[in-house]
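Beneath this line is the structure, given in structure tokens, with notes to follow.
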Amino acid sequence: MLLFFIVLLIISIVLFRKVNENYFILALCQRIKCVDGKPLEEKVCVIPGKTIFGNNFDVLNLTPGKLFELTRGWAKFSRGRSYVLHFLKAPVYNIINAEDAEQLFQSQTLTTKGIMYDLIRSFLGNGLLMSQETALGVKLTDIAGDIEYRAAIHNVEAILVERACNPLMYYEIIFYLFGQYRKCKHYVEIAHNFSGKIINKKRKEFIENGNNSCNVDKENSYGKTRYAMLDTLLYQEAQGLVDHQGICEEVDTFMFEGYDTTSTCLKFALLNLAQYPDIQEKCYQEIENLTAFENLTVFEFNKLEYLGCVIKETLRMYPSVPFIGRQCTEETVLNGLILPANAQINIHIIDIMRDSKHFPEPSVFKPERFFAENTRNMHPFAFVPFSAGSRNCIGQKFAMLEIKAALVAILRTYRVLPVTQTKDLILEYVVYRISSTNPYILA
Ligand code: HEM
């Protein structure tokens, strides 16, 4: 009998060691390995969990603000090296510098969005994961319910952030039973109803126009005819290339990706201008040098180079999208690591753009960094507020133009004075927000 137990024990130990090679058993998670067989710790920093169960309990029930702080702590701990976390769903490779981001941004295969996007699938469906008025060719205020719509988007985001703070909630069944599933469904319905109204209004105009575009922009387009995105989709619908559901998903995605991102950048730009009056004065002088103010064209906006640098420096320090995610659909080799299928990759845009190797004194607001002569030798992936590679932001030029147009309108009429200092802000995970409602005043 004793012999039987000894044999059983030995077999169990051998089996355990074998399984342990590929799995972090207590974290219920597959391991990332090095291509050259060396220990993982030699290539990346492995963040020890707070418990023996990997990092599973590290983020449990944190507030969005505390979760953001935790990521700052991890970045400090890893001292500039990219790092690995172990969660029950999958290992997470966190990329925090431009050098490690290069291969990923150049990859043609690592294009599947990360787990966070699964959490908003009920809202965006399979939309391009893509704002708004000019882009869609519709003024939101022309459609009843626009205020509720904007509030619904904010509420969906707030639920997403809360869900991100509790990995157990990543499981649909747990979210359904114990999470804010019903609230989320309610807000998603408000958003879907509103986007449905936009599409129906445009479809009516489109049909009245004989299935021809109703929103053609021939100005500002260097001779090219441009169509609003929704017109293009309606045209495709008339050709049988997309159905109503498909259009809804694209519109919701466009609204979601373009609305809060642009407004967040605008808020941070105003906050910075309020804190640095000399920089605000330079922007004002540049705007005053414009010869015409009515119906400014893209050409005139392009002359506002200093203002462009202010927006870029704002995006560098306070990226509207501080983290993006990818997941491996199959076993993948990246930066000398073998990532198992389903492994998550977190790209820390905020850390990449605050790397002192590329941006000396990274916490100091210096728009001059983006003068042409200072960017010539910049690492191609050091400044990535709009991501990079095949899944970069398709609205980036539009966003820059939109932010410039808003700043020109404000700075021509008002001087912006500070109320809140950036150092006093509470920053939250996933969507970078200013928690104070009135961080600056217009005088
Ligand atoms: C300051 C403003 C903006 C910032 C910082 C920003 C940033 C980003 C980032 C980082 C991504 C990549 C997400 C990822 O890879 O997971 C992205 C994707 C995207 N953005 Fe923007 N964005 C902005 C404005 C806009 C606007 C105004 C639009 C539309 C008019 C837009 C449409 C999109 C779309 C459709 C995607 C998805 C592309 C894809 O998945 O292939 N964005 N944006």
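Mature numbering (1 follows the signal peptide of the UniProt record, and there is no 0) puts the sequence shown at residues -16 to -1, 1 to 427. The beta-carbon is built from N, C-alpha and C at its ideal position, and this holds for glycine as well. None of the values given here were measured: they were computed from a predicted structure.
Beta-bridge pairing of residue i - partner residues as DSSP gives them
i: lysine 97; result: Arg310
i: phenylalanine 8; result: Cys13
i: threonine 216; result: Answer is none; threonine 216 lacks a bridge partner.
i: leucine 88; result: Answer is none; leucine 88 lacks a bridge partner.
CB of residue i within 8 angstroms of CB of residue j, strictly
i: leucine 411; j: phenylalanine 52; result: yes
i: threonine 245; j: alanine 390; result: no
i: alanine 85; j: isoleucine 334; result: no
i: leucine 395; j: isoleucine 295; result: no
i: valine 76; j: asparagine 330; result: yes
i: glutamine 328; j: glycine 21; result: no
i: cysteine 168; j: isoleucine 143; result: yes
i: glutamine 264; j: valine 400; result: yes
i: glutamate 241; j: isoleucine 231; result: no
i: isoleucine 79; j: serine 66; result: yes
i: histidine 332; j: phenylalanine 307; result: yes
Heavy atom of the ligand HEM within 7 angstroms of residue i beta-carbon
i: arginine 338; result: no
i: glycine 242; result: yes
i: proline 75; result: no
i: asparagine 256; result: no
i: alanine 142; result: no
i: phenylalanine 370; result: yes
i: cysteine 377; result: yes
i: cysteine 293; result: no
i: phenylalanine 238; result: yes
i: leucine 218; result: no
i: phenylalanine 349; result: no
i: valine 226; result: no
i: threonine 246; result: yes
i: phenylalanine 52; result: no
i: phenylalanine 79; result: Note on identity: in this sequence residue 79 is isoleucine, with phenylalanine being the wrong assignment. Not under cutoff, so the answer is no.
Nearest-angstrom beta carbon gap, residue j and residue i [assumed within contact, 8 angstroms]
i: alanine 175; j: alanine 136; result: 5 angstroms
i: leucine 250; j: isoleucine 387; result: 5 angstroms
i: methionine 239; j: serine 179; result: 7 angstroms
i: residue 428; j: leucine 161; result: The requested residue 428 is not part of the displayed model; the chain covers only -16 to 427.
i: leucine 255; j: leucine 88; result: Going by Cβ atoms, the distance from leucine 255 to leucine 88 rounds to 31 angstroms, so no, they are not a contact pair.
i: leucine 12; j: leucine 69; result: With a Cβ gap of about 13 angstroms, leucine 12 and leucine 69 do not count as contacting.
i: phenylalanine 365; j: methionine 301; result: The pair is not a contact, with the Cβ atoms about 17 angstroms apart (cut-off 8 angstroms).
i: asparagine 150; j: asparagine 45; result: 6 angstroms
Inset, instruction - Report yes or no: do the segment 213 to 225 and the segment 183 to 195 share at least 3 C-beta pairs separated by less than 8 angstroms? - result: yes
Legend entry - Touch test, the segment 311 to 325 against the segment 88 to 95, Cβ-Cβ under 8 angstroms, three pairs minimum: yes
Legend entry - Stretch pair the segment 33 to 45 + the segment -10 to -3: three plus CB contacts closer than 8 angstroms: no
Legend entry - Contact the segment 41 to 59 vs the segment 353 to 366: 3+ CB pairs below 8 angstroms: no
Inset, instruction - Could you tell me whether the segment 13 to 24 touches the segment 318 to 329, using the rule of 3 or more Cβ pairs below 8 angstroms? - result: yes
Legend entry - Segment contact, 8 angstroms Cβ cut-off, at least three pairs: the segment 136 to 146 with the segment 359 to 373: no
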